[in-house]
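If you're matching positions, the sequence shown starts at 1 in the UniProt record's numbering and goes up one per residue.
Okay, so here's the structure we're looking at.
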Amino acid sequence: MSRTARPRRYLVCEPRHFDVRYAINPWMSADAPVDTALAGRQWTTLMDAYRAHGHTVETVPPVATLPDMVFAANSALVVGGRVFGSSFHAPQRRPESTEYETWFKAAGYDVYRPESLCEGEGDLVPAGRYILAGTGFRTTPAAHREVQEFFGVPTIGLQLVDPYFYHLDTALFVLEETPETGEANIAYYPGAFSTGSREVLRRLFPEALLATRDDAMAFGLNSVSDGRHVFVAPQATGLIDRLAAHGYVPVPVDLSEFHKAGGGIKCCTQEIRS
């Protein structure tokens, strides 16, 4: 089956100051120091891969006191040129919201600052006619209601139950969308979700590609797809094989240094949807 790629516009932040200075998820540990130079090379490889596949990459200046600012996806959700900003759960990350808001405003966007805890694309995933919205560890259900009111798009709450998958984008990503029909398909790891949420996903996406826990733990679901090419962690070997079998073109990019902070390819990538 042939898949069609669509050019995307991504907002990112160079990992010049990336480090693990605190622990706010099960992946973070002072016993696993970050190789900053290697992280920089891995990030550059991802940016080169995006550009080589026809995507636009724009950057936010990094701030020395914000080591997690590289995880640009958590900063906002942008749909139809409208920006729904972030309000972080962890105090250490809250100043990131202002830095990204400053960039968006300078670029000509108005930014809505949520009243509820909300971590951008970390927990908010546009999927065709819906916005899928994670909760359980970071973003609150109250934020889901704010999102629906702001965008006027049906927002589907999904309960995350495994602390290793503390954001929705560690357990699920969109494979492709058809804007003309509002159809979409996804890949996800069922074990990250409550029983009811698994049933919701099964009903909404009966053709979804299901991943194993091994591939999810390898950050295979923290991937970015342009509809044809899937930028994916090379450690997720089973998922890579399944993607290829379903007509997608895997583009393995190793972001293993970022796994030490609980992040991967998607965490480093904010999509600006005009």
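Beta carbons are placed, not taken as given, at the ideal position from N, Cα and C, and that holds for glycine.
Since we're looking at a predicted model, the values are computed, not measured.
In the structure shown, THR212 falls within a coil segment according to DSSP collapsed to helix, strand and coil.
Between the beta-carbon of ALA192 and that of LEU160 there is about 6 Å, and that keeps the pair under the 8 Å contact cut.
Per DSSP, reduced to three states, the secondary structure at GLU207 is coil, with no helix or strand assignment. Here GLY227 carries a coil assignment [DSSP, helix/strand/coil].
Here DSSP, grouped into helix, strand and coil, assigns ILE240 to helix. Between the C-alpha atoms of PHE150 and LEU132 there is a straight-line separation of about 15 Å. Looking at GLY85, GLU99, TYR188, LEU124, the one whose alpha-carbon comes closest to that of GLU115 is GLY85. Taking 8 Å as the upper bound for CB-CB distance, LEU66 and HIS17 are in contact here, some 7 Å apart.
When the Cα atoms are used, ARG202 and LEU124 turn out to be separated by approximately 18 Å. In the three-state reduction of the DSSP assignment, GLY263 falls in the coil class. The C-alpha of ASP31 lies about 11 Å from the C-alpha of TYR22. Taken in chain order, the complete beta strand (DSSP E) segments of 3 residues or longer contained in the region 76 to 109 are 77 to 79, 82 to 84.
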